[in-house]
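Everything below concerns the one structure shown next.
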Amino acid sequence: MATTLRVARQSPIEFAQEAWAELRKVTWPSRETVLRLTLIVLVISALIAAYIFAFDNLFTLVITRGIVGQPTATPVPGQ
Numbered sequence: 017m018a019t020t021l022r023v024a025r026q027s028p029i030e031f032a033q034e035a036w037a038e039l040r041k042v043t044w045p046s047r048e049t050v051l052r053l054t055l056i057v058l059v060i061s062a063l064i065a066a067y068i069f070a071f072d073n074l075f076t077l078v079i080t081r082g083i084v085g086q087p088t089a090t091p092v093p094g095q
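Whatever position you read off the sequence shown (first residue = 1), add 16 for our numbering.
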């Protein structure tokens, strides 16, 4: 026999009031902390992007020159 779960419905106004009350209990970080952590995230993201970019170019060079044996730049006809 299955049991059913009944959820007490509340009005959107009651939900908003409860959510607002919970948000007032939150200990928010200081502006300096937010700026410092944002800068750390941006720097690490840039370093990871540079790392991926470098290895992507290295692998492209190895595959096009080493395995396929073609030059990396396609010559333009008529020059």
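By construction, the Cβ of each residue, glycine as well, lies at the ideal position given by its N, Cα and C atoms. Since the model is a prediction, treat every value here as computed from it, not as a measurement.
Can you give me the C-alpha to C-alpha distance between residue 37 and residue 56, rounded to a whole angstrom?
32 Å
To the nearest angstrom, report how far apart residue 47 and residue 21 are at their CA atoms.
43 Å
Work out the CA separation of residue 43 and residue 61 for me, nearest whole Å.
Their Cα atoms are separated by approximately 27 Å.
What is the DSSP secondary structure of residue 20, counted as helix, strand or coil?
Three-state DSSP puts residue 20 in coil, outside helix and strand.
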